[in-house]
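Going down the list, the sequences are from chains A and B.
For reference, each letter of the first sequence is one residue, going 1 to 207 in the UniProt record's numbering.
For reference, each letter of the second sequence is one residue, going 1 to 207 in the UniProt record's numbering.
Okay, so here's the structure we're looking at.
There are 2 protein chains.
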Amino acid sequence: MNVKRRTQAERSAATRIALVGAGRRLFAAQGFAGVGTEAIVREASVSRGALYHQFADKTELFAAVLEDVERDVSQHLAEVAGARAEAGFEDVMLGAVEAWLELCERPEIQRIVLVDGPSVLGWIRWREICQPHVLGLIRAVLEQGMAAGEVEQQPVAPLSHALIAVADEAAMYVASSADPATARREMVDVARRLLSSLTTSGATPGR
Amino acid sequence: MNVKRRTQAERSAATRIALVGAGRRLFAAQGFAGVGTEAIVREASVSRGALYHQFADKTELFAAVLEDVERDVSQHLAEVAGARAEAGFEDVMLGAVEAWLELCERPEIQRIVLVDGPSVLGWIRWREICQPHVLGLIRAVLEQGMAAGEVEQQPVAPLSHALIAVADEAAMYVASSADPATARREMVDVARRLLSSLTTSGATPGR
DNA sequence: GAAGGTAACATACAGACTGTATGAATGTTA
DNA sequence: TAACATTCATACAGTCTGTATGTTACCTTC
C-alpha cells in the first residue's frame, strides 16, 4: 500500500494532471499574465522543474488547460444536444445555446476560453483547439440539419464560425451585464431569430 | 526657427503621439506581450521616464493605442456607410462589412483590436472602448433601419453585439484562411443571409 | 525679467518572472 | 545488478516592469 513504486507513465500523468488542474484554477481566477509559474507549481504541489519537464513553456501548459476545459464543455453540450436530438435543428441549437450561457457563468470559460485563449495561443491555434470540440459540435448539428432538409444548403465552415462567434459574444455579454437575467433573455431571442432564419421553412414560427 | 520653446501641452502631445504611434506599430507586429517598454520608447525616440510620466503603465498605453485604432476604423467605416446612406439598411451594412474585412487585412486591426484587446484590457473595458466607435456605428445603423421600418423592432444592444461578433470572427476567419478570396466570399454570403433575416420584408431580395 | 514653482522628462534601481543548466532521484531494461 | 533513461529539484542568468530620485524646460507672479 505504498504510494511509491509508480510507473513512469503514472508519474508523468499525475504531475501533468496536477499542473493542468492548478493552471485551470489559477488562470481562470487571475488570467494568464496574472499568475506566475511559481504560484502554479505551489498550487499543484510540484516543483518548477517538473513543470518545465512536462511542458515546453508556460504557454504550452495553457494550451493543455484550454484543451481540458474544451473537452469538458463540448462533452456537456453534446449530452444536452443528444438529449433532444429528435427535437429538430432549431430546438437542439437553442438548447445548446442556453446550456452554453449557463456554463459561461463560470469564469473558467470566460477567461480561459474566450478572453485569454486567442491572445496567448494566437487566433489560429486557439480555433484549432476549438475545432474538434465545440466548433465541431456546431458543424455536426448544422450538417445534420442540412441532411434532414431543415437547414438551407450552404458552406458549413463559415456559418459555424459565425454561430460560435455569436455564442461567444452572447456569453460575455450576459456574464458582464449588470442585469444578466434580461440580458440572457434578449440574447436567446437574438439567437432564436438568427437560427430560424437558417431553416428552409423561411417564415418564422410564431415563437 | 528653433524647435525648442514649446508649450507644455505641445510637449506632452508630441510625446504621447510618438508613443501611441510606436506602440501601434510594435503591438501590431509582435503583440502586447511580445514587445517591451524599452523597444517602444526607442521606436518613439523617447525615454522610459516619459512613457511612465504620460501613462500609468504599459496597459494604459495599450488602451490609448486601441482608442487610436478604433477612431480611425470607425471614421473610415462611417464614411463608407455615409456614402451609400440612401441605399437602405441591408446595403449599408453589407458595404460596411466589406470595408471592415478589407481593413482587417492589416494586422494592426487583427492583433490590437481583435486578439489582444480583450485579454489586455479585460472584456468589459475592451467593449467600452468599442462602444462609442464601431459598436456605436452598428447601433446607429440598426436604429435608423428600425425607424425607417426596414428592420423589425427589437432591443438594439444585444443585436448589435451579435452583429459585431460576427464581423470580428469573419475578419479573423478571412485573414487566417489559406484561401482568403473564397473565405471572404463565403463570409459575405453568411452576412447577407443574416442581415436579410432582420428586415421586415422577410423574404430575401434576389441578391 | 528674475525667482519660485510646477510639469515634463531622464536615469538608476529594486523586485519579479521566465526559461535553462546542472545535478539528484526514481524507474526501466539488458 | 548494472547501465541507461526518465522524471524531477535547485540554482542561476537574463529580461522586464514599475518606482524613486534627480534634472531640465516651461509657466506664473511680482
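Just so you know, even glycine gets a beta-carbon here, dropped at the ideal spot from N, CA and C.
All figures in this text were calculated on a predicted structure; none of them were measured in a lab.
Handout entry: Runs of alpha helix (DSSP H) wholly within the segment 105 to 153 of chain B (minimum 4 residues, chain order)
Key = Correct list: 117 to 121, 123 to 130, 136 to 147.
Practice task
Would you mind sorting residue 118/B into buried or exposed? The rule is 16 or more other CB atoms within 10 Å of its CB.
Solution key: By the 10 Å Cβ count, residue 118/B comes out buried.
Practice task
Measuring alpha carbon to alpha carbon, tell me which of 91/B, 131/B, 159/B ends up nearest residue 143/B.
Solution key: Considering only alpha carbons, the answer is 159/B.
Practice task
Pick helix, strand or coil for residue 199/A, following the three-state DSSP scheme.
Solution key: Secondary structure of residue 199/A (DSSP, three-state): strand.
Handout entry: Other residues of its chain near residue 151/B: CB distance less than 8 Å, five sequence neighbours each side excluded
Key = So the qualifying residues of the chain are 89, 142, 145, 198, 199, 200.
Problem - Identity of the residue in 45/B, 69/B, 46/B nearest residue 103/B by Cα - result: The option with the nearest alpha carbon to residue 103/B is 69/B.
Problem - Continuous alpha helix (DSSP H) stretch holding residue 209/B: start and end - result: Because chain B spans 1 through 207 in this model, residue 209/B falls outside it and cannot be assessed.
Handout entry: Rounded straight-line distance, which links the Cα of residue 149/B to that of residue 120/A
Key = Distance between the alpha carbons of residue 120/A and residue 149/B: 44 Å.
Problem - Meets three-Cβ-pair contact criterion under 8 Å: the segment 177 to 186 of chain A and the segment 160 to 168 of chain A - result: Counting Cβ pairs under 8 Å, fewer than three are found: no touch.
Exercise for the section: Take residue 47/B and list the residues in its own chain whose beta-carbon comes closer than 7 Å to its own, dropping the five residues that flank it on each side. Expected result: Counting only residues of its own chain and dropping the five nearest sequence neighbours on each side, residue 47/B has a CB closer than 7 Å to the CB of 41.
Exercise for the section: Check whether the Cβ atoms of residue 210/A and residue 81/A lie closer than 9 Å to each other. Expected result: Limits of chain A in this structure are 1 at one end and 207 at the other, which puts residue 210/A out of reach.
Exercise for the section: Would you check if the distance between the CB atom of residue 186/B and the CB atom of residue 157/A is smaller than 9 Å? Expected result: With respect to the 9 Å criterion, residue 186/B and residue 157/A are classified as neighbours on the basis of their beta carbons.
Exercise for the section: Check whether the Cβ atoms of residue 112/B and residue 62/B sit closer than 9 Å, and answer yes or no. Expected result: Result yes, Cβ atoms of residue 112/B and residue 62/B sit closer than 9 Å.
Problem - Any chain A beta carbon closer than 9 Å to residue 158/B - result: Judged by the 9 Å Cβ criterion, residue 158/B is in contact with chain A.
Problem - Nearest neighbour of residue 134/A, chosen from 124/A, 72/A, 169/A [CA to CA] - result: Nearest of 124/A, 72/A, 169/A to residue 134/A, Cα basis: 72/A.
Practice task
Please state if the CB of residue 35/A and the CB of residue 29/A are separated by a distance shorter than 9 Å.
Solution key: Yes. Within cutoff.
Practice task
Report the three-state DSSP secondary structure of residue 8/A (helix, strand or coil).
Solution key: The three-state reading of DSSP puts residue 8/A in helix, counting H, G and I together.
Handout entry: Completely contained alpha helix (DSSP H) runs for the UniProt domain "HTH tetR-type" (13 to 73) of chain A, where each covers 4 or more residues
Key = Whole alpha helix (DSSP H) segments, 4+ residues: 37 to 44, 48 to 54.
Exercise for the section: Give the residues of chain A in contact with residue 116/B, contact being defined as C-beta atoms less than 7 Å apart. Expected result: Contact of residue 116/B with chain A by beta-carbon distance below 7 Å involves 119.
Problem - Neighbouring residues, chain B, relative to residue 168/A (Cβ below 7 Å) - result: Within chain B, 165 have C-beta atoms less than 7 Å from the C-beta of residue 168/A, given in sequence order.
Practice task
Can you say whether residue 116/B is buried or exposed, counting buried as having 16 or more other CB atoms within 10 angstroms of its CB?
Solution key: Of the residues assessed, residue 116/B falls on the buried side of the cut-off, its CB having 16 or more other CB atoms within 10 angstroms.
Practice task
Would you identify the three-state DSSP class for residue 82/B, choosing helix, strand or coil?
Solution key: For residue 82/B, the three-state secondary structure derived from DSSP is helix.
Handout entry: 9 Å Cβ cutoff met for residue 172/B and residue 123/A
Key = The answer is yes: Cβ separation under 9 Å.
Exercise for the section: Name, going along the chain, the residues of the segment 123 to 135 of chain B whose beta-carbon falls closer than 7 Å to a beta-carbon of chain A. Expected result: Against chain A - using a Cβ distance shorter than 7 Å - the residues of the segment 123 to 135 of chain B are 123, 124.
Handout entry: Extent of the continuous alpha helix (DSSP H) run through residue 96/B
Key = First-last of the alpha helix (DSSP H) with residue 96/B: 89 to 103.
Practice task
Could you tell me which of 132/B, 169/B, 176/B, 67/B sits nearest to residue 190/B, measuring between CA atoms?
Solution key: Nearest of 132/B, 169/B, 176/B, 67/B to residue 190/B, Cα basis: 169/B.
Exercise for the section: Classify residue 189/A as helix, strand or coil using the three-state DSSP reduction. Expected result: In the three-state scheme derived from DSSP, where H, G and I count as helix and E and B as strand, residue 189/A is classed as helix.
Practice task
Name the residue from 131/A, 95/A, 87/A, 53/A whose alpha carbon lies nearest to the alpha carbon of residue 76/A.
Solution key: Cα-wise, what sits closest to residue 76/A is 95/A.
Practice task
Compute the beta-carbon to beta-carbon distance between residue 214/B and residue 105/B, rounded to the nearest angstrom, for a pair I have assumed lies under 8 Å.
Solution key: Summary: the structure shown does not reach residue 214/B, with chain B confined to residues 1 through 207, and so no result is reported for it.
Practice task
Say whether chain B places a C-beta atom closer than 9 Å to the C-beta of residue 186/A.
Solution key: It does: the Cβ of residue 186/A has a partner Cβ on chain B nearer than 9 Å.
Exercise for the section: Using a Cβ cut-off of 7 Å, pull out every chain A residue sitting near residue 193/B, in sequence order please. Expected result: Listed along chain A, the residues sitting closer than 7 Å to residue 193/B by beta-carbon distance are 197.
Handout entry: Alpha-carbon spacing of residue 78/B relative to residue 127/B, whole angstroms
Key = Roughly 18 Å separates the two Cα atoms.
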